[in-house]
Each structure stands twice: as C-alpha cells, then as structure tokens.
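Student: Sharing a structure, written as structure tokens. Questions coming.
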Amino acid sequence: MAENSPGSAGKVPGLYDAFVAVKRLIADKEDTSQVFTILEALGKRSSEKSWKKFKKHPNYSMLREQPPLMNFLCDKKWLSSLPEGSLGRHYYEFLQRENISAEGLVEASEKGFSGLRPLADETVEFHQRQRDAHDLWHVLTGYGRDALGELCLLAVTYRLLGNPGLLLIILFGGRHIKKLNPGFKFWSAIGEGFRHGRQMSWLPGVDWKEVLPRPIDEARSMLNIQTPAIYQDVVESTLKQGGIHFDEQLSAAE
Numbered sequence: 001m002a003e004n005s006p007g008s009a010g011k012v013p014g015l016y017d018a019f020v021a022v023k024r025l026i027a028d029k030e031d032t033s034q035v036f037t038i039l040e041a042l043g044k045r046s047s048e049k050s051w052k053k054f055k056k057h058p059n060y061s062m063l064r065e066q067p068p069l070m071n072f073l074c075d076k077k078w079l080s081s082l083p084e085g086s087l088g089r090h091y092y093e094f095l096q097r098e099n100i101s102a103e104g105l106v107e108a109s110e111k112g113f114s115g116l117r118p119l120a121d122e123t124v125e126f127h128q129r130q131r132d133a134h135d136l137w138h139v140l141t142g143y144g145r146d147a148l149g150e151l152c153l154l155a156v157t158y159r160l161l162g163n164p165g166l167l168l169i170i171l172f173g174g175r176h177i178k179k180l181n182p183g184f185k186f187w188s189a190i191g192e193g194f195r196h197g198r199q200m201s202w203l204p205g206v207d208w209k210e211v212l213p214r215p216i217d218e219a220r221s222m223l224n225i226q227t228p229a230i231y232q233d234v235v236e237s238t239l240k241q242g243g244i245h246f247d248e249q250l251s252a253a254e
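Here the sequence shown is numbered in UniProt numbering, starting from 1 and rising by one per residue.
Shown next as structure tokens:
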C-alpha cells in the first residue's frame with residue numbers, strides 16, 4: 001500500500017481524505033491514484049446501487065462468465081488486428097498515441113484504494129471492469145485526455161455510475177480550469193457531458209468483446225453516443241493560446 005494513500009492510516013478514507021485527494025489531484029492531474037481515493041471515500045452508496053443495477057442487466061450472466069475485460073484491452077496483437085476504423089483499432093491507436101496502457105489505471109487504483117472496505121469478489125470485479133474501461137470510454141465518447149476532456153468524461157461517468165466523488169472532482173477541476181482559461185465555455189462543455197451521459201446506453205452493461213470489432217460510428221450509434229460538439233468547439237477555440245492551461249497553480253487566495 002502506498003505511503004501517501006489514506007488507507008495507510010488504517011482506515012477507510014472519508015470526506016476529509018476526499019478533499020485532500022482533490023487538492024493533490026489539482027496539483028498534479030496525472031496523479032490518477034487520487035481519483036480512486038476520492039471514489040472510495042464518497043462512493044459506498046452509489047457503488048452498491050450500480051452493482052444492483054448491473055445484476056438486473058440482460059448481459060449480467062454473460063459478462064460474469066467472460067474473461068476479465070483487461071484480457072481484451074491488454075491484447076495489443078488482437079486489438080491491432082481489428083479492422084481499420086473499428087472501435088478496438090481506434091482504442092489501440094489511442095493508447096499508442098497517448099503513450100499509455102490499460103495496466104496504468106490498475107497501478108493507480110492499487111495505489112489510491114485503501115482496500116479496507118469489505119466487498120464481495122463479484123462486486124470488486126464489476127468496479128474493476130469500469131475502471132479498466134475508462135480509456136475505452138474516452139475513445140467511444142470522443143473526449144480527449146486534456147483537462148477538459150477528463151472532466152467531461154467524468155460528467156458522463158457520473159450519469160452512468162452516480163459516484164458523488166466525481167462531482168467533487170468536476171467542481172474543483174472546473175473552477176481551476178476556468179480561472180486559468182477565462183472566456184471559454186468550459187461549464188457548457190461539462191454540462192454537455194452530463195446530458196450525453198444521461199442519454200446514452202448504460203455502458204457498464206455493454207459486451208465490449210462484441211462491440212470492439214465494430215466500426216466506431218456503428219458502435220456509437222448503437223449505444224446512442226452523441227458528438228461532443230461544445231467540447232470540440234472549446235478545444236478548437238483554445239488552440240490560439242496553445243491549448244487548455246491547467247498545470248499552472250492558483251494562489252491560496254483564489
């Protein structure tokens with residue numbers, strides 16, 4: 001267990017730990033482990049609710065019998081062999097372009113979770129599946145890994161999984177990004193993410209093994225994934241200033 005994780009104090013992280021983790025995340029947006037600390041601290045009730053919803057989903061039994069999603073997402077040979085233009089091929093190219101891996105989120109979650117809250121194995125497997133799908137959701141929804149894209153995807157994820165910790169990250173992250181980039185419609189883009197998340201199919205119940213080989217436009221259509229037009233416009237409009245600024249730190253007074 002990481003020395004900096006709240007669990008190292010011998011307790012499940014709570015509200016105070018969530019605020020500390022948000023502060024650390026704003027200071028270093030690449031420190032993804034803080035996200036998992038926040039989700040654990042504030043997500044007990046939403047975690048149980050989303051798990052119960054999954055148990056009632058038509059794909060529940062089939063997905064429980066499948067190998068872990070990571071088996072597919074880490075199989076670079078299989079992903080790269082998928083048809084050009086397919087969701088899986090786009091996902092593979094996304095990982096290569098961003099120089100990231102599916103395993104990276106696993107490492108971050110192991111650092112950020114205390115592991116002290118007792119959960120049934122099947123519940124853990126369900127939440128690991130959503131963790132592992134995060135970058136796949138980036139590709140599917142069209143949100144980039146820039147600071148705004150991450151916040152917009154968290155808005156989508158909140159609509160799908162309901163963890164209030166996501167709202168905390170969005171609130172503080174949105175405030176930070178707005179102060180560093182005045183004059184852009186960041187909150188409108190985030191609001192678009194909330195709307196799209198409410199309107200799309202429930203992604204935690206999707207059979208990704210079946211969807212990954214499909215053309216990405218077909219996958220988006222079948223899952224009612226809409227184009228993030230406001231987000232795209234904001235990203236385009238920030239290019240003149242060199243992109244979206246996030247790493248510069250605000251003073252304590254701000």
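Think of the CB as a built atom: it goes at the ideal place given N, C-alpha and C, for glycine as much as any other residue.
(1) Work out the CA separation of Gly-193 and Pro-228 for me, nearest whole Å.
(2) Can you tell which of Lys-76, Asp-233 and Asp-146 has the C-alpha that lies nearest to the C-alpha of His-245?
(3) Output the boundary residues of the alpha helix (DSSP H) element that contains Ala-27.
(4) Can you round the beta-carbon distance between Val-139 and Leu-87 to whole angstroms, since I take them to be within the 8 Å contact cut?
(5) Roughly how many angstroms lie between the CA atoms of Ala-155 and Ile-170, to the nearest whole one?
(6) Under the assumption that Leu-79 contacts Arg-64 (Cβ atoms under 8 Å), give the Cβ distance between them as a whole number of angstroms.
(7) Excluding the 5 residues preceding and the 5 following Gly-205 in the sequence, name in chain order all residues of the same chain whose CB lies nearer than 7 Å to its CB.
(8) Determine which residues share a DSSP beta bridge with Trp-86 and list them.
(9) Buried or exposed: where does Gly-197 fall if 16 or more other Cβ atoms within 10 Å of its Cβ makes it buried?
(10) Go ahead and pull the three-state DSSP assignment for Leu-116.
(11) Could you check how far apart the C-beta atoms of Met-200 and Leu-167 are, in whole angstroms? I think they sit under 8 Å.
(12) Return yes when the Cβ of Phe-172 is within less than 7 Å of the Cβ of Val-22, no when it is not.
(13) Assuming Leu-105 and Thr-32 form a contact by the criterion Cβ under 8 Å, report the distance between their Cβ atoms to the nearest whole angstrom.
(14) Please classify Pro-13 as buried or exposed, where buried requires at least 16 neighbouring CB atoms within 10 angstroms.
(15) Could you give the C-beta distance for Leu-69 and Trp-208, rounded to a whole number, given that I count them as a contact under 8 Å?
(16) Quick one, are the C-beta atoms of Leu-39 and Asn-181 less than 7 Å apart?
(17) Starting from Val-12, trace the alpha helix (DSSP H) both ways and give me its first and last residue.
(18) Along the alpha helix (DSSP H) that carries Pro-164, what are the first and last residues, could you check?
(19) Identify which residue in Pro-213, Ile-216 and Phe-184 has its Cα closest to the Cα of Ser-237.
(20) Specify, as a first and last residue, the run of the alpha helix (DSSP H) that Tyr-158 falls within.
(21) What does the alpha-carbon distance come out to for the pair Gly-149 and Lys-44?
(22) Taking just the CA atoms, how far does Pro-213 sit from Ser-47?
(23) With DSSP run on the structure shown, which of helix, strand or coil describes Ala-108?
(24) Where does Asn-99 sit, in a helix, a strand or coil, going by DSSP?
(25) What is the C-beta distance between Leu-42 and Val-35, in whole angstroms, given that I count them as a contact (C-beta under 8 Å)?
(26) Our contact map puts Lys-76 next to Tyr-92 with C-beta atoms below 8 Å; I'd like the distance itself, whole angstroms only.
(27) So the candidates are Trp-51, Glu-84, Tyr-16 and Ala-27; which of them puts its Cα closest to the Cα of Thr-37?
Tutor: Reading it off the structure:
(1) If you number the sequence shown from 1, residue 228 lands on position 228. If you number the sequence shown from 1, residue 193 lands on position 193. Cα to Cα, Pro-228 sits roughly 7 Å from Gly-193.
(2) One-based indexing of the sequence shown puts residue 245 at position 245. Checked all of Lys-76, Asp-233 and Asp-146; the closest Cα to His-245 is Asp-146.
(3) Position 27 of the sequence shown holds residue 27. Counted as a single uninterrupted DSSP element, the alpha helix (DSSP H) harbouring Ala-27 occupies residues 15-27.
(4) Translated into positions along the sequence shown, residue 139 becomes position 139. Translated into positions along the sequence shown, residue 87 becomes position 87. Yes, they are in contact, since the Cβ atoms of Val-139 and Leu-87 sit about 7 Å apart, within 8 Å.
(5) Along the sequence shown, read from residue 1 onward, the residue named residue 155 stands at position 155. Along the sequence shown, read from residue 1 onward, the residue named residue 170 stands at position 170. In a straight line, the C-alpha of Ala-155 is about 7 Å away from that of Ile-170.
(6) Walking along the sequence shown from the start, residue 79 turns up at place 79. Walking along the sequence shown from the start, residue 64 turns up at place 64. Not a contact, Cβ separation roughly 23 Å.
(7) Numbered from its first residue, the sequence shown carries residue 205 at position 205. Here the set comprises Phe-54, His-57 and Asn-59.
(8) For the purposes of this step, residue 86 is identified with residue 86 of the sequence shown, where counting begins at 1. It should be pointed out that residue 86 corresponds to Ser in this sequence rather than to Trp. Under DSSP, the beta-bridge partners assigned to Ser-86 are Pro-215.
(9) Locating residue 197 in the sequence shown gives position 197, where the first residue counts as 1. The residue in question, Gly-197, is buried, as its Cβ has 16 or more Cβ neighbours within 10 Å.
(10) Walking along the sequence shown from the start, residue 116 turns up at place 116. The predicted model places Leu-116 with a pLDDT of 49, which falls under 50 and marks its position as unreliable; any figure quoted below should be read in that light. Three-state result, Leu-116: coil.
(11) As a position in the sequence shown, residue 200 is number 200, starting the count at 1. As a position in the sequence shown, residue 167 is number 167, starting the count at 1. Not confirmed; about 19 Å, so no contact.
(12) Residue mapping note: residue 22 aligns to position 22 of the sequence shown, counting from 1. Residue mapping note: residue 172 aligns to position 172 of the sequence shown, counting from 1. Between Val-22 and Phe-172, the C-beta spacing is below 7 Å.
(13) Against the sequence shown, residue 105 aligns to sequence position 105. Against the sequence shown, residue 32 aligns to sequence position 32. Their Cβ separation, rounded to whole angstroms, is 7 Å, which keeps Leu-105 and Thr-32 in contact under 8 Å.
(14) Position 13 of the sequence shown, counted from the start, is the residue given in the question as residue 13. Buried is the call here.
(15) For the purposes of this step, residue 69 is taken as residue 69 along the sequence shown, with counting starting at 1. For the purposes of this step, residue 208 is taken as residue 208 along the sequence shown, with counting starting at 1. The Cβ separation is near 6 Å, so the contact holds.
(16) Here residue 39 refers to the residue found at position 39 of the sequence shown. Here residue 181 refers to the residue found at position 181 of the sequence shown. Cβ distance not < 7 Å, so Leu-39 and Asn-181 don't count as in contact.
(17) Looking up residue 12 in the sequence shown gives position 12. Val-12: not part of any alpha helix (DSSP H); DSSP gives it neither H nor E.
(18) Your numbering for residue 164 matches position 164 in the sequence shown. First-last of the alpha helix (DSSP H) with Pro-164: 164-180.
(19) Residue mapping note: residue 237 aligns to position 237 of the sequence shown, counting from 1. Ranking Pro-213, Ile-216 and Phe-184 by CA distance to the CA of Ser-237 puts Phe-184 first.
(20) Indexing the sequence shown from 1 puts residue 158 at position 158. Here the alpha helix (DSSP H) through Tyr-158 covers 147-161.
(21) Here the question's residue 149 lines up with position 149 in the sequence shown. Here the question's residue 44 lines up with position 44 in the sequence shown. A straight line joining the alpha-carbon of Gly-149 with that of Lys-44 spans about 26 Å.
(22) Looking up residue 47 in the sequence shown gives position 47. Looking up residue 213 in the sequence shown gives position 213. Each residue's alpha carbon lies about 30 Å from the other.
(23) Taking the first residue of the sequence shown as position 1, residue 108 is located at position 108. Three-state result, Ala-108: helix.
(24) Position 99 of the sequence shown, counted from the first residue, corresponds to residue 99. Asn-99: coil per DSSP, three-state reduction.
(25) As a working note, residue 42 is residue 42 in the sequence shown. As a working note, residue 35 is residue 35 in the sequence shown. Between Val-35 and Leu-42 the Cβ distance is about 11 Å, and since that is not below 8 Å, they are no contact.
(26) The count along the sequence shown starts at 1 and reaches residue 76 at position 76. The count along the sequence shown starts at 1 and reaches residue 92 at position 92. The pair is a contact, with the Cβ atoms about 7 Å apart (cut-off 8 Å).
(27) Residue mapping note: residue 37 aligns to position 37 of the sequence shown, counting from 1. Thr-37 has its Cα closest to that of Tyr-16, out of Trp-51, Glu-84, Tyr-16 and Ala-27.
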